[in-house]
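Each remark here refers to the structure printed beneath this line.
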Amino acid sequence: MPPRQQSNKKKVKKGVTALKKAGWRTTNEFVIAFYGCSQQAAQSLRLQPNSTYAPASIMAAWAKNAPSVEASKELDLVTTKTAAEIMVKESTKAYHDPELRLSASGLDIPYLTTNFGLNKIQKTYSQLLPCLTLLLTTLLTAENDYERWKGSPKHRKQEMADKILVVIISMLLFFRNCATNAFQLVMGVFLSSSGASRRIIDTFNHMGLSVSYQTIQNALRSLSQDAKIQAQNFVQKSNHLWAVVYDNINFTLRTTSQRLDSATHQINATTLAVFSLPKKFTQEAYAAALSIAEGRKQANLCQNLTLESLQPTEEHHAHALSAFKHAVRSILLTCLPGKMQKRKFTKVLHKHTKKLKPRIR
């Protein structure tokens with residue numbers, strides 16, 4: 001035994017003897033009384049910078065020197081119960097956080113396009129639920145047999161673990177309080193926009209991954225109303241020219257057995273989108289394009305057209321040649337034989353070919 005350990009062993013024996021002489025039956029009684037004293041506990045539990053936290057070292061010593069398997073299991077159970085109580089307190093605080101609560105009737109487009117993001121939710125979870133986040137991150141990033149055999153971690157392992165972490169914590173908080181629905185509401189809108197049926201949405205809702213179908217419909221109405229307001233404000237206040245694209249949609253709702261109170265009918269609707277034209281399309285340019293005087297000036301330029309101006313220059317020849325080469329390259333890439341059609345190989349070729357593409361204008 002090293003001299004330091006021998007010295008520590010003697011000190012421990014002397015300390016135990018002194019405690020028994022002072023009236024303590026066991027060292028555990030002394031430890032409980034010691035940490036029950038606020039002054040002594042504050043001094044012992046004080047966090048020292050650049051040093052290991054003392055209770056962590058004590059816990060490690062307990063776990064290492066447990067006298068039996070039963071004692072080790074009981075110590076693990078005590079630690080687990082303490083961690084569970086901490087996580088319950090964290091989750092109670094988290095589901096009251098206003099950032100994790102969304103109202104379906106108050107959902108708007110700016111929130112989805114600027115404020116919402118999985119990275120932001122993950123940071124919020126890390127701040128509000130440090131114990132649960134550490135537990136799940138440690139579990140998800142633990143080394144498995146394949147990584148141990150390979151000698152390297154999985155590709156993008158931490159990135160995938162972060163995404164799974166957000167989903168798991170969102171499900172747990174939603175189960176505790178359905179009002180904590182920041183992830184579920186956006187997920188429900190995504191499912192609806194992807195064409196998911198009501199049955200699929202209800203299944204996701206029962207799993208805690210989405211809000212209910214009716215809540216999604218309320219959110220879509222709110223988004224539609226906000227889209228109208230956004231379009232009106234853009235048209236009224238924008239300094240740029242804008243354009244609209246619209247389409248008529250007809251839905252026929254057929255009824256198998258025709259009755260006076262239940263007959264086949266049709267819903268006619270019109271969808272419209274407003275978009276901004278490029279900045280170079282200014283009001284002045286638009287006015288000049290519609291001006292009759294400017295049009296006549298442009299028409300007079302045709303008088304300056306000569307036969308020589310129609311003849312292609314060397315620059316035109318070079319541009320036509322490069323365009324022809326690019327067309328041949330593209331055809332050859334689509335007709336690659338056999339093993340050369342592998343995605344890794346063709347991806348590099350397509351990337352290189354894209355760089356060689358000539359500019360049209």
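Take the sequence shown: its position 315, counted from the start at 1, is 315 in my numbering, and no numbers get skipped.
All residues carry an ideal CB built from backbone N, CA and C; glycine is no exception.
In the DSSP annotation of this structure, the continuous segment of the beta strand (DSSP E) that includes W242 starts and ends at 242-253.
The distance from the Cβ of V166 to that of Q122 is about 5 angstroms, consistent with a contact at the 8 angstroms cut-off. Membership of S44 in the alpha helix (DSSP H) is indicated by the continuous run 38-44. Taking C-beta atoms as the reference points, I216 and G188 count as a pair closer than 7 angstroms. About 6 angstroms separates the CB atoms of L356 and H326; that is less than 8 angstroms, so the two are in contact. With the rule of 3 Cβ pairs closer than 8 angstroms, the stretch 95-104 counts as touching the stretch 173-180.
For L272, the secondary structure class from DSSP, reduced to helix, strand or coil, is strand. In the structure shown, H206 adopts helical secondary structure according to DSSP, grouped into three states. It is roughly 26 angstroms from the alpha-carbon of Q48 to the alpha-carbon of E29. CA-CA distance, S72 to V88, rounds to 24 angstroms. With fewer than 16 other CB atoms across the displayed protein chains lying within 10 angstroms of its CB, Y286 is exposed.
Between the alpha carbons of E74 and K150 lies a distance of about 36 angstroms.
If you draw a straight line from the Cα of R101 to the Cα of T256, it is about 43 angstroms long. Rounded to whole angstroms, the gap between the alpha carbons of C131 and K21 is 42 angstroms. DSSP places H316 in the uninterrupted alpha helix (DSSP H) bounded by 314-334. Taking each of I331, F345, L332, A318 in turn and checking the Cα distance to R359, the smallest one comes out for A318.
Bridge partners of Q266 according to DSSP: T252. Within a 10 Å sphere around the beta-carbon of S224 sit fewer than 16 other beta-carbons, which makes this residue exposed. Excluding the 5 residues flanking it on each side, E99 has same chain C-beta neighbours closer than 8 angstroms at T124, A182, in chain order.
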